[in-house]
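Enquirer:
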Amino acid sequence: MEKLQVGLIATGGRGAHGFEMHRPEQGIEIVAGCDIAQVALDKFKEKFPDAQTFTDYRDLLKIESIGAVHIATPDYLHEEMAIAALEAGKAVYLEKPMAITIEGCDRILETAYRTGSKLFIGHNMRHFPVVLKMKEIIDSGLIGELQVGWCRHFVCYGGDAYFRDWHSEQRYSNGLLLQKGAHDIDVMHWLMGSYTKSVVGMGMLSVYNRCGRRSPDTPGCAKWDNRQYPPLTQTGFSPIIDVEDHSMVMMQLENGAQMTYMQCHYTPDSERNYTFIGTKGRVENIGDYGNCEVHVWTQRGPRSTPDIIYKLKPVEGGHGGADTPIIDNFLDFVRFGAKTNTSPIAARQSVAAGVLGHYSMRNGNNRQDVPELRKELVEYFENNQVK
Ligand SMILES: NC(=O)c1ccc[n+]([C@@H]2O[C@H](COP(=O)([O-])OP(=O)(O)OC[C@H]3O[C@@H](n4cnc5c(N)ncnc54)[C@H](O)[C@@H]3O)[C@@H](O)[C@H]2O)c1
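By numbering that gives the first Met the number 0, the letter at position 345 of the sequence shown is numbered 344, and the numbering carries on one by one without gaps.
(1) Return yes when the Cβ of Gly88 is within less than 9 Å of the Cβ of Met97, no when it is not.
(2) Per DSSP, what are the beta-bridge partners of Gly202 in this structure?
(3) Given a threshold of 16 other Cβ atoms within 10 Å of its Cβ, counted over all protein chains shown, does Ile35 qualify as buried or as exposed?
(4) Is the beta carbon of Ser359 closer than 9 Å to that of Gln367?
(5) Output needed for Met133: all residues of its chain with C-beta closer than 8 Å, excluding positions within five of it in sequence on either side, in chain order.
(6) If we require 4 or more residues per run, which alpha helix (DSSP H) segments fall completely within the stretch 59-107?
(7) Exposed or buried, which one is Pro215 when buried takes at least 16 other CB atoms within 10 Å?
(8) If I measure Cβ to Cβ from Ser172 and keep anything under 6 Å in the same chain, skipping five residues before and after, which residues do I get?
(9) Below 8 Å, how does it come out for the stretch 260-269 and the stretch 238-249: are there three or more Cβ pairs, yes or no?
(10) Please list the segments of the beta strand (DSSP E) lying wholly inside the stretch 5-44, counting only runs of 3 or more residues, in order along the chain.
(11) Beta carbon of His69: closer than 8 Å to some heavy atom of ligand 1?
(12) Let me know if Met203 comes out buried or exposed under the rule of 16 or more other beta-carbons within 10 Å of its beta-carbon.
(13) Is any heavy atom of ligand 1 found at a distance shorter than 8 Å from the C-beta of Lys222?
(14) Give me the Cα-Cα distance between Met201 and Pro218, rounded to the nearest whole angstrom.
(15) Going residue by residue through the stretch 101-140, where are the continuous beta strand (DSSP E) segments of at least 3 residues, counting only ones entirely within it?
(16) Is it the case that the CB of Cys150 approaches a heavy atom of ligand 1 more closely than 8 Å?
(17) Could you name the residues that DSSP lists as bridge partners for Leu252?
(18) Any idea which residues DSSP pairs Leu311 with across the strands?
(19) Quick one: using the 10 Å Cβ neighbour count with 16 as the cut-off for buried, is Lys338 buried or exposed?
(20) So, is Pro343 buried or exposed, given that buried needs 16 or more other C-beta atoms within 10 angstroms?
(21) Can you confirm whether the stretch 225-237 touches the stretch 102-120 when touching is taken to mean that 3 or more C-beta pairs between the two stretches lie within less than 8 Å?
(22) Just list the residues that DSSP pairs Arg212 with in beta bridges.
(23) For Asn364, which three-state DSSP category applies?
(24) Are the beta-carbon atoms belonging to Val385 and Gly66 less than 9 Å from one another?
(25) Would you kindly work out how many angstroms separate the C-alpha atoms of Thr278 and Lys2, rounded to a whole number?
(26) Which of helix, strand or coil does DSSP assign to Trp431?
(27) Would you identify the three-state DSSP class for Ile276, choosing helix, strand or coil?
(28) DSSP on Arg226, reduced to helix/strand/coil?
(29) For the alpha helix (DSSP H) that Glu375 lies in, which residues bound it at each end?
(30) Between the Cα of Leu144 and those of Thr297, Lys312, Met250, spot the shortest distance and give me the residue it belongs to.
(31) Val282 lies in the beta strand (DSSP E); which residues open and close that run?
(32) Using the C-alpha atoms, what's the distance from Phe380 back to His69?
(33) Any C-beta of chain B sitting closer than 9 Å to the C-beta of Asp287?
(34) Say yes only if the C-beta of Asn225 is nearer than 8 Å to one or more non-hydrogen atoms of ligand 1, and no if none qualify.
(35) Compute the Euclidean distance between the alpha carbons of Trp223 and Gly158, then round it to the nearest angstrom.
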């Protein structure tokens, strides 16, 4: 499939990332876009005047010549739309999190397996230079056998982005541990070489429930502005907020290692700060994109004097330079069967840890076990979706 026609399901918000798939010089063209917001369709039409536009994604899926779709609608729509696209024989680029339930992920995986339509999940952090550097260090054996991983996730823009629209309601996102944390849990699974077997969670909504709300008839809209600080001065929040504004989960991995993830939406700064500790050392990122560093300690001594410092240079493009390589990887996978950094099974396992972490924090903080996937399904996806 060297020539490829592409359709975008959601052209606004993250949907604009799909614009990068338009590469006529390589025989890849965006021929259709769907969104329920006129403003998003208008912007799309400006960029792609010859493309068809739709407000119902099912009409886009009826175009037989479309070989691949990019789905970037809100999380609660992923399952329905991905399954419909796979059933229609399209290769699917589906934004993370794969779905908002474990059962939903499993239905997507089963549909991809049965139909043979290709499935790819947009875990772009697997293309972050800082993540790739830490993976290279860990895989080289420099810090020995990994036993523990921690991630502290500071989200200064939490109030701008996640408490004003659909993200703030469990019925649409399940919760922000899943919404945001699916990325980090996936990264940690990847670097630690194993998946979560069981999870325990604690979390609360303790700050953003005290901010000013919009009325139910005013549409929800993210509002990015660094002046929106401190958190309790903010207004315009959703009438319904039933997701946590900080969460903490501990995970037991299948390979015996353990990890923990903490996320807070009302910090003044932003960073995903990972550290992995092995039998011979420790690695940590200082900054997660742009001019950032990876520090490694292989001998005893103060934290202020790492034994090795890797200085990473800024890479052009969205999300620290990860957004173009992930599109390259998807297109090469669809057209030439290339190996992918991301994995649908891993995407499901990050959703499972997120969903069960939420369940635990909302139901007495008890341990929750991840349900197993059937063997044929795992083998199929491990074999790059070849039967
Ligand atoms: N990988 C990443 O770095 C990354 C970054 C941002 C968002 N995302 C993911 O992208 C998805 C969208 O997030 P967002 O922040 O862009 O949300 P958003 O609400 O800003 O935008 C969603 C878009 O989908 C459209 N839409 C909603 N319902 C629709 C429907 N039924 N049919 C067609 N279009 C519809 C909206 O009009 C809007 O244009 C989420 O799943 C999110 O997790 C991923």
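Glycine included, every Cβ here is placed at the ideal spot set by N, Cα and C.
Expert: For this structure:
(1) The answer is no: Cβ separation not under 9 Å.
(2) Within the DSSP bridge table, the entry for Gly202 names Ser246 as partners.
(3) Only exposed fits Ile35, as fewer than 16 other CB atoms lie within 10 angstroms of its CB.
(4) Yes.
(5) Here the set comprises Leu190, Tyr273, Phe275, Val282, Asn284, Val293.
(6) For the stretch 59-107, the full-length alpha helix (DSSP H) segments reaching 4 residues or more read 77-86 along the chain.
(7) Exposed: under 16 other Cβ atoms inside 10 Å.
(8) Cβ contact annotation for Ser172 (same chain, cutoff 6 Å, sequence separation greater than five): Asp74, His166, Gln178, in chain order.
(9) Three or more beta-carbon pairs drawn from the stretch 260-269 and the stretch 238-249 are found closer than 8 Å, and the two stretches are therefore classed as touching.
(10) Within the stretch 5-44, the complete beta strand (DSSP E) segments of 3 residues or longer fall at 27-33, listed in chain order.
(11) Because no heavy atom of ligand 1 lies under 8 Å away, the Cβ of His69 does not count as near it: no.
(12) So Met203 counts as exposed.
(13) No, ligand 1 has no heavy atom inside 8 Å of this Cβ.
(14) When rounded, the distance between both Cα atoms is 31 Å.
(15) For the stretch 101-140, whole beta strand (DSSP E) runs of length 3 or above, ordered along the chain, are 118-120.
(16) Result no, Cβ not under 8 Å from ligand 1.
(17) Its beta-bridge partners are Thr195.
(18) DSSP lists Cys291 as partners of Leu311.
(19) Flag for Lys338 reads exposed.
(20) Under this definition Pro343 is a buried residue.
(21) Segments in contact, no.
(22) Phe236.
(23) Note: Asn364 maps to coil in three-state DSSP.
(24) In this structure, Gly66 does not lie closer than 9 Å to Val385 by Cβ.
(25) The alpha-carbon separation between Thr278 and Lys2 amounts to approximately 49 Å.
(26) The requested residue 431 does not occur in the structure, where the chain is confined to residues 0 to 386.
(27) Residue state, collapsed to three classes: strand.
(28) The answer is coil: DSSP assigns Arg226 none of H, G, I, E or B.
(29) From DSSP, the alpha helix (DSSP H) with Glu375 extends over 374-381.
(30) Reading the sequence as shown, one finds Glu at residue 144 and not Leu. The residue with the shortest Cα to Cα distance from Glu144 is Thr297.
(31) It spans 281-285 - the beta strand (DSSP E) in which Val282 sits, taken as one unbroken run.
(32) Rounded to the nearest whole angstrom, the CA to CA distance from His69 to Phe380 is 20 Å.
(33) As a matter of chain content, chain B is missing from the structure shown, which is built from one protein chain.
(34) Asn225: no, Cβ never under 8 Å from ligand 1.
(35) Cα to Cα, the separation comes out at about 9 Å.
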